[in-house]
Ligand SMILES: [Zn+2]
Ligand SMILES: [Zn+2]
């Protein structure tokens, strides 16, 4: 009975999987819908416009909020306690096609998904949405156990290519100690968990861009920011591919 009932579901899943795989594997076709692409980009105009662009955010921590709030007004959390970094830049919300790409990239080590995310990030940066006067990119090394489990360090992979595309030097912060995963922890617990966890071993230029894959409360980026301040960074921008609302850990 179970086998017979599950056949239509399995059939649907197979068709969905085939569509996704075809879209993935066919150059010259949109990676999301298989339609015609936009110039040399792997996406079509409609899918690009329909991506979950993060257009209304707290300027300091990028917490999503209604578009009716004034753009320069920090959120309640930041008014109470400013983050260690000066501002943040996160072009996407962690939803829809962006969430699928990040999951493929982060949890399945899918470089093709990483390449598309990189192209989207560089395009967003160059089209005047990115912060100006950045002199270096800084990433944090992944917990060695998690890097081994996933097969690669996705933030370093992205950081190296983003630095090359924007012609900027890349610095990598290292860990002073191992920490439990941030998943499922409250905002204060996340902060405590990563406090003074990173160190940068060489002097930095004044204006740096910190890069992470997903920003949830910003606790990791704050810890990274204070490590950068110790090495001379005066203006720190925290950047990530996508933002989840605080408390919605992935
Ligand atoms: Zn498309
Ligand atoms: Zn905020």
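Numbering (the UniProt record's numbering), first residue to last: 1 to 250.
Ideal placement from N, C-alpha and C gives every residue a C-beta, glycine not left out.
Query raised in the report: So, residue 161 versus residue 120, is the Cβ gap smaller than 7 Å?
Result: Taking 7 Å as the Cβ cut-off, residue 161 and residue 120 do not qualify as a contacting pair.
Query - Any non-hydrogen atom of ligand 1 within 6 Å of residue 132 CB - result: no
Query raised in the report: Leaving out the 5 sequence neighbours to the left and right, which residues in its chain are closer than 7 Å to residue 172 when beta-carbon positions are compared?
Result: 139, 141, 156
Query raised in the report: Taking a cut-off of 6 Å, which residues have a beta-carbon closer than that to any heavy atom of ligand 2, in chain order?
Result: 58, 60, 61, 63, 74, 75, 77, 78
Query - Counted within 10 angstroms of its Cβ, other Cβ atoms place residue 44 as buried (16 or more) or exposed - result: So residue 44 counts as buried.
Query raised in the report: When a residue counts only if its C-beta is closer than 5 Å to some heavy atom of ligand 1, which residues count, in chain order?
Result: Sorted by chain position, residues whose beta-carbon lies closer than 5 Å to a non-hydrogen atom of ligand 1 are 30, 32, 33, 35, 44, 47.
**Report entry** Pairwise C-alpha distance: residue 123 and residue 65
**Finding:** 24 Å
Report task. Out of 67, 243, 245, 238, state which residue places its alpha-carbon closest to the alpha-carbon of residue 85. Result -> 238
Query raised in the report: Around the C-beta of residue 80, are 16 or more other C-beta atoms found within 10 angstroms, so that it is buried, or is it exposed?
Result: Around the CB of residue 80, fewer than 16 other CB atoms lie within 10 Å, so the residue is classed as exposed.
Query raised in the report: Among the residues of its own chain, which have a CB less than 6 Å from the CB of residue 83, if the five just before and after it don't count?
Result: Taken in chain order, the residues that qualify are 60, 61, 218, 222.
Query raised in the report: Would you call the segment 225-232 and the segment 104-112 in contact, with 3 or more CB pairs under 8 Å?
Result: no
Report task. Evaluate residue 70 with the Cβ neighbour count: other Cβ atoms within 10 Å of its Cβ, from every protein chain shown; 16 or more gives buried, anything less gives exposed. Result -> exposed
Requested in this report: Answer with buried or exposed for residue 4, where buried requires no fewer than 16 other C-beta atoms within 10 angstroms of its C-beta.
Outcome: With a pLDDT of 44 at residue 4, under the threshold of 50, the modelled position of this residue cannot be trusted; read the value that follows with caution. Its Cβ having fewer than 16 others within 10 Å, residue 4 is exposed.
Report task. Have a look at 202, 91, 73, 68 and flag the residue whose alpha-carbon is nearest the alpha-carbon of residue 51. Result -> 91
**Report entry** Burial state of residue 154 (16 or more Cβ within 10 Å)
**Finding:** Looking at its Cβ environment, which holds 16 or more other Cβ atoms inside 10 Å, residue 154 is buried.
**Report entry** Residues sharing a beta bridge with residue 29, DSSP
**Finding:** 36
Query - Alpha-carbon spacing of residue 2 relative to residue 169, whole angstroms - result: In this prediction, residue 2 scores a pLDDT of 45, lower than 50, which makes its location untrustworthy; the coordinate-derived value is nonetheless stated afterwards. Between residue 2 and residue 169, the C-alpha separation is close to 57 Å.
Requested in this report: Apply the 10 Å Cβ neighbour rule to residue 178 and answer buried if 16 or more other Cβ atoms are within range, or exposed otherwise.
Outcome: So residue 178 ends up on the exposed side.
Query raised in the report: Can you tell which of 116, 166, 111 has its C-alpha closest to the C-alpha of residue 135?
Result: 166
Query raised in the report: Can you list, in chain order, the stretches of the alpha helix (DSSP H) that have 4 or more residues and sit fully within the segment 125-177?
Result: Secondary structure remark: continuous alpha helix (DSSP H) runs of at least 4 residues inside the segment 125-177, in chain order: 144-150, 154-166.
**Report entry** Residue burial classification, residue 127 (beta-carbon count within 10 angstroms, cutoff 16)
**Finding:** exposed
Report task. Using 10 angstroms around the beta-carbon of residue 203, count the other beta-carbons present and answer buried if the total reaches 16, otherwise exposed. Result -> exposed
Requested in this report: Express the C-alpha separation of residue 74 and residue 53 in angstroms, rounding to a whole number.
Outcome: Residue 53 and residue 74 have their C-alpha atoms some 19 Å from each other.
**Report entry** Own chain residues within Cβ distance below 8 Å of residue 230, not counting five before or after
**Finding:** 199, 200
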